[in-house]
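According to mature numbering (1 follows the signal peptide of the UniProt record, and there is no 0), the residues represented by the sequence shown are -19 to -1, 1 to 707, in order.
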Amino acid sequence: MAKRYCLVLVLVHLAIVLAQDPEIVDEIWPEVQQVGRTGRLNCTVAYKRENVVFWENTKSGETISSDDSIVLPLNPMIGGLRKYEVQSRINGDRTTFMLVVRRLLEVDAGRYRCYVRIQATPVNMWPSKYGTITVQVPPTIRPGETTAVLQVDQRDNATLVCSASGIPAPNITWTKSDGGFLATGQAQHRSAILPITSVSVSDMGVYRCVADNNIKPPAEHLAQVLVFHAPSTRVVQDSVGQAQNRRFNAKLECIVKGHPEPTVTWQRVVKGGRYDINDDDKFSINKQTTDNQNLKAGEQWYTLKVKNVQANDFTDYYCIGTNIKGTNSSKIVLFDLTNIIVIAPSRTMWKVLVLVFGVILAISPINGQDPEIVDDILPEVQRVGGTARLNCTVVNLQTNNVFWLNKATSETISMDSNIVLQYNPMVGGLRKYDVERRMRGDRQTFMLIIRRLLQQDAGQYECQVKIQNQNNLTPVKKIGILTVQVPPSILPGETTTVLQIDEGENATLRCEATGIPSPNITWTRSDGKLLPTGSAQFRGKYLPLKTANVNHTGVYRCVADNNIKPPDEHLCSLEVFHAPTARVVQDSVGQAQGRRLSARLDCIVNGFPTPEVRWERTVKGGRVEIRDNDFFVNVKQTTDNQNMMAGEQWYTLKVKNVQANDYTDYYCIAHNSKGKTEVTIVLFETPDCQGPNCPSLLTSRGSSAMLAFSMAFICFLLHALARRLR
């Protein structure tokens, strides 16, 4: 009899021991970090004793650690620390094993499993839980899958494609670089595909797609749309006047547009017929590369220079653009401005004229022709870091010298092809300043070269010809202008970063930027919503906010663009003071009792200043504040921001090991200096486990304990029954 009782006691003792098997007591909260940051996952084990805790990468199947020792064969040093580390913390009968993954890469994203190896227990009964690391990756536009140049006929339908990757998946926004409306009739379009229906010439231009997932920096791509169409021509002036026989030149200008790019020719009327004009000593034909700011998309600026205008040059001139789609032309009239005033000279005047003429003959060269700079020095426009070239063409130079001077500093840069500046540093293996001399007949061109341009290199450069044996106070000279284009740069100290205002107030967001040419400023909202002005975007450095309300809260983006890449952008946070608002994810949550199961209550709060949040519950008809302890955990979430509106925060109350007295009303209460609000969540009883982490019969936390108790109870009943039968 005693032996039987001993057997029962042994079984009961075994049940008590098994009831304290190790278990993972808390959920492993998901971790969200950017590429290059550090991820941390916490696995808390109760009653660990001599058992071993492991971390495993479920994607690769590799075991990372055993307790707090790394067992991976490859654990490189990065930034003075190992990539993988496990830190353990003991609190009573609980031990937390924190897996640390440093310098996160995209491949580090995925599920990680924490499990406890229990001695003499089947593998399928080892407790385990999963944690997830999400590695946020800035957006990248895929060049091979994104439209770069689209050529399309008029009235066809077409699409622009912008393919991007990133984690989370980026939003794609299309705009036109010139700020115009898209073919959709809007200032911007949110989609990877931009449709263009019934294409027209007005759809030509450069389109910008921006990929943004709130992980800086956003990515952008420029796509050019070219529409096949016949040329169109327009003139800057339809009539140009000039005096004759005074070595004056006339400049006729014509702007041409078409695709394919038209071939441009010039003709003039001679004796009733039209004849082609060739580039020679009389005429100079140029395609301008400057002043693109005043041209529309696809336009090109052409210039015909009529040199040393004579009487037979006054006629009609035609600028003709031709491509495979057709021909078009515009007419410019060159007319005489000569105003001859005949004065009968007196005897004294004749003497003065003879004297002056004699002096001129005395100082003139033998051949009677002074040096002359025959062409205008065309302005040069280059980006910072580029190379500029200014051409000065001189005829009849003979033994005289040509100089280049910097007008801003009054420094002489060169004499003929020799640099005379004392400081001419090497940049990229070449000198910063250089002069190349080219000869063609009696013409000599002195090309000033300035490398690795800086902003201070911009300005006027003067080409001078100093004639020997003359007073060079008034030398032959012409000016060339160098413009150094500078990408835009937003000025942080003069640009709004954070603006806090009360509801109903008026305010202004400011975005100041520098650049050459002066950049355009465009405002948008980062979440793609309409601006307070009612439009998707706003052009101007000041964005007005009238009668601010809660809906205006959010992040605003100002972009400075002057067609010199890259554009610059700045994010501004607008915060509107307002009383808290609260909403629940579920207004009622169910869970079974007495099974070591937890319930999760979620509450989303918005307000500014950021509200303080606390939880209360109803106990015996009264409300009691809930504090963090062994029964409740109050957590402010840092994930799932994609599903929340601007300014919202996600709070979670975890009710651990739900018992009968936990079924009641719970209150999420938020308050700040502007007010207070609350929402109610009801926790009710269910017969079965609820939620994604419900265990099966064989893998439940208390399965071994329940099995042991059941065995002991059955043995006890059998023993009692056997005694009664005797």
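Ideal Cβ positions, reconstructed from N, Cα and C, are used throughout, including at glycine.
(request) Give the straight-line distance between the Cα atoms of G186 and F229, rounded to the nearest whole angstrom. (result) Position 205 of the sequence shown, counting from 1, holds the residue named residue 186. Position 248 of the sequence shown, counting from 1, holds the residue named residue 229. Using only the alpha carbons, I get a separation of about 39 Å.
(request) Keeping to the same chain, check which residues put their C-beta closer than 7 Å to that of Q1; ignore five residues upstream and five downstream. (result) Position 20 of the sequence shown, counted from the first residue, corresponds to residue 1. The beta carbon of Q1 lies closer than 7 Å to those of Y28 in the same chain, with the five residues before and after it left out.
(message) Restricting to Cα atoms, I'd like to know which of T115, R94, D542 is closest to L85.
(response) Taking the sequence shown and counting its residues from 1, the one referred to as residue 85 is at position 104. Comparing Cα positions, the closest option is T115.
(request) Could you say which of F78, S47, D219 lies nearest to R70 if we only look at CA atoms? (result) Within the sequence shown, the letter at position 89 stands for residue 70. Residue F78 is the option with its Cα nearest to R70.
(request) Starting from M407, follow its DSSP beta bridges and name the residues at the other end. (result) Mapped onto the sequence shown, residue 407 falls at position 426. Under the DSSP definition of a beta bridge, M407 partners with R412.
(message) Assuming the contact rule is C-beta atoms closer than 8 Å, D669 and W631 should be a hit. Round their C-beta distance to whole Å, please.
(response) Within the sequence shown, the letter at position 688 stands for residue 669. Within the sequence shown, the letter at position 650 stands for residue 631. Not really, about 27 Å apart at Cβ, beyond 8 Å.
(message) Measuring only the C-alpha atoms, how far is P151 from Q403?
(response) Residue 151 sits at position 170 when you count from the first residue of the sequence shown. Residue 403 sits at position 422 when you count from the first residue of the sequence shown. Near 54 Å, if we compare the C-alpha coordinates of Q403 and P151.
(message) Please state the DSSP three-state secondary structure of Q436.
(response) Stepping through the sequence shown from its first residue, residue 436 is reached at position 455. Reduced to three states, the DSSP call for Q436 is helix.
(request) Give a yes or no on whether the C-beta atoms belonging to R432 and T368 are separated by under 8 Å. (result) Start at 1 with the first residue of the sequence shown, and residue 432 comes out as number 451. Start at 1 with the first residue of the sequence shown, and residue 368 comes out as number 387. In this structure, T368 lies closer than 8 Å to R432 by Cβ.
(request) Apply the 10 Å Cβ neighbour rule to E12 and answer buried if 16 or more other Cβ atoms are within range, or exposed otherwise. (result) Walking along the sequence shown from the start, residue 12 turns up at place 31. So E12 ends up on the buried side.
(request) List the DSSP bridge partners of T562. (result) For the purposes of this step, residue 562 is taken as residue 581 along the sequence shown, with counting starting at 1. Answer by DSSP bridge pairing, in chain order: N587.
(message) Beta-carbon within less than 6 Å of A389's beta-carbon, same chain only, minus the 5 sequence neighbours each way: which residues are those?
(response) Along the sequence shown, one-based indexing puts residue 389 at 408. Counting only Cβ-Cβ distances below 6 Å, and skipping sequence neighbours, we find G440.
(message) Judging by CA-CA distance, which residue of A231, V216, T214 is the nearest neighbour of G222?
(response) As a first step, residue 222 must be located in the sequence shown, where it is residue number 241. Out of A231, V216, T214, A231 has the C-alpha closest to the C-alpha of G222.
(message) For D611 and V639, I'd like the C-alpha separation in whole angstroms.
(response) Within the sequence shown, numbered from 1, the residue matching residue 611 stands at position 630. Within the sequence shown, numbered from 1, the residue matching residue 639 stands at position 658. Answer to the nearest angstrom: the Cα atoms are 12 Å apart.
(message) Pairs of beta-carbons, one from the region 477 to 486 and one from the region 498 to 509, closer than 8 Å: are there three or more?
(response) By the C-beta criterion, the region 477 to 486 is judged not to be in contact with the region 498 to 509, since fewer than 3 inter-stretch pairs fall below 8 Å.
(request) Confirm, please, whether the CB-CB distance from N138 to T178 is below 8 Å. (result) Residue numbering aside, residue 178 sits at position 197 when the sequence shown is read from its first letter. Residue numbering aside, residue 138 sits at position 157 when the sequence shown is read from its first letter. Yes, the pair counts as a contact, with Cβ atoms nearer than the cut-off.
(request) Alpha carbon to alpha carbon, how far is S391 from residue 764? Give it in angstroms, no decimals. (result) Nothing can be reported for residue 764, as the shown portion of the chain is limited to -19 through 707.
(request) Assuming L434 contacts G366 (C-beta within less than 8 Å), just tell me the rounded distance between them. (result) Numbered from 1 along the sequence shown, position 453 holds the residue referred to as residue 434. Numbered from 1 along the sequence shown, position 385 holds the residue referred to as residue 366. About 6 Å; that satisfies the 8 Å criterion.
(message) Using the Cβ count rule (16 or more neighbours within 10 Å means buried), how would you classify F589?
(response) The sequence position of residue 589 within the sequence shown is 608, counting from 1. So F589 ends up on the buried side.
(request) Could you check the C-alpha separation between W596 and Y647 for me, to the nearest Å? (result) On the sequence shown, residue 596 is found 615 positions in, with the first residue counted as 1. On the sequence shown, residue 647 is found 666 positions in, with the first residue counted as 1. Taking the CA atoms as reference points, W596 sits about 7 Å from Y647.
(request) Hey, could you find the ends of the beta strand (DSSP E) E593 is sitting in? (result) Against the sequence shown, residue 593 aligns to sequence position 612. Its beta strand (DSSP E) spans residues 593 to 600.
(request) Spell out whether any CB of chain C is found under 8 Å from the CB atom of V566. (result) Absent here is chain C; the protein component of the structure consists of one chain.
(message) According to DSSP, is P103 part of a helix, a strand, or is it coil?
(response) For the purposes of this step, residue 103 is taken as residue 122 along the sequence shown, with counting starting at 1. Looking at P103 - three-state DSSP - the assignment turns out to be coil, as it is neither helix nor strand.
(message) Could you pull the DSSP bridge partners for C649 from this structure?
(response) Here residue 649 corresponds to residue number 668 of the sequence shown, with the count starting at 1. W596, V660, per the DSSP bridge assignment.
(request) Confirm, please, whether the CB-CB distance from N381 to V446 is below 8 Å. (result) By 1-based counting over the sequence shown, the position of residue 446 is 465. By 1-based counting over the sequence shown, the position of residue 381 is 400. Result yes, Cβ atoms of V446 and N381 sit closer than 8 Å.
(message) I need the straight-line Cα distance from K40 to T113, nearest angstrom please.
(response) The count along the sequence shown starts at 1 and reaches residue 40 at position 59. The count along the sequence shown starts at 1 and reaches residue 113 at position 132. Each residue's alpha carbon lies about 11 Å from the other.
(request) Identify the continuous beta strand (DSSP E) that holds R538 and give its terminal residues. (result) For this step, residue 538 is matched to residue 557 along the sequence shown. 535 to 542 is the extent of the beta strand (DSSP E) around R538.
(message) Along the chain, where does the beta strand (DSSP E) containing R215 start, and where does it finish?
(response) Indexing the sequence shown from 1 puts residue 215 at position 234. Annotation: the continuous beta strand (DSSP E) that includes R215 extends over 200 to 216.
(message) Using only the alpha-carbon positions, how far apart do V245 and V216 sit?
(response) Numbered from 1 along the sequence shown, position 264 holds the residue referred to as residue 245. Numbered from 1 along the sequence shown, position 235 holds the residue referred to as residue 216. Whole-angstrom Cα-Cα distance: 13 Å.
(message) Does G124 come out as helix, strand or coil in the three-state DSSP assignment?
(response) Translated into the one-based positions of the sequence shown, residue 124 becomes position 143. According to the sequence as given, residue 124 is Pro; it is not Gly. Correct three-state label for P124: helix.
(message) Quick check on DSSP: helix, strand or coil for P469?
(response) By one-based count along the sequence shown, residue 469 stands at place 488. Strand at P469.
(request) Check N399 in the structure and name its three-state DSSP category. (result) Taking the sequence shown and counting its residues from 1, one reaches residue 399 at position 418. Of the three classes helix, strand and coil, the one that applies to N399 here is strand, per DSSP.
(message) If I follow the unbroken beta strand (DSSP E) through E234, where does it start and stop?
(response) As a position in the sequence shown, residue 234 is number 253, starting the count at 1. From DSSP, the beta strand (DSSP E) with E234 extends over 231 to 240.
(message) For V33, list the residues DSSP reports as bridge partners.
(response) Looking up residue 33 in the sequence shown gives position 52. DSSP, once it has assigned bridges, lists R98 as partnering V33.
(request) Can you give me the Cβ contacts of E87 inside the same chain, cut-off strictly under 8 Å, excluding the 5 residues immediately before and after it? (result) Start at 1 with the first residue of the sequence shown, and residue 87 comes out as number 106. Hits under 8 Å: V16, V116, V118, I148.
(request) Output the distance between the C-alpha atoms of C(-14) and V570, rounded to the nearest integer angstrom. (result) Position 6 of the sequence shown, counted from the start, is the residue given in the question as residue -14. Position 589 of the sequence shown, counted from the start, is the residue given in the question as residue 570. With a pLDDT of only 48 at C(-14), under 50, the local geometry of the prediction cannot be trusted, and no value is derived from it.
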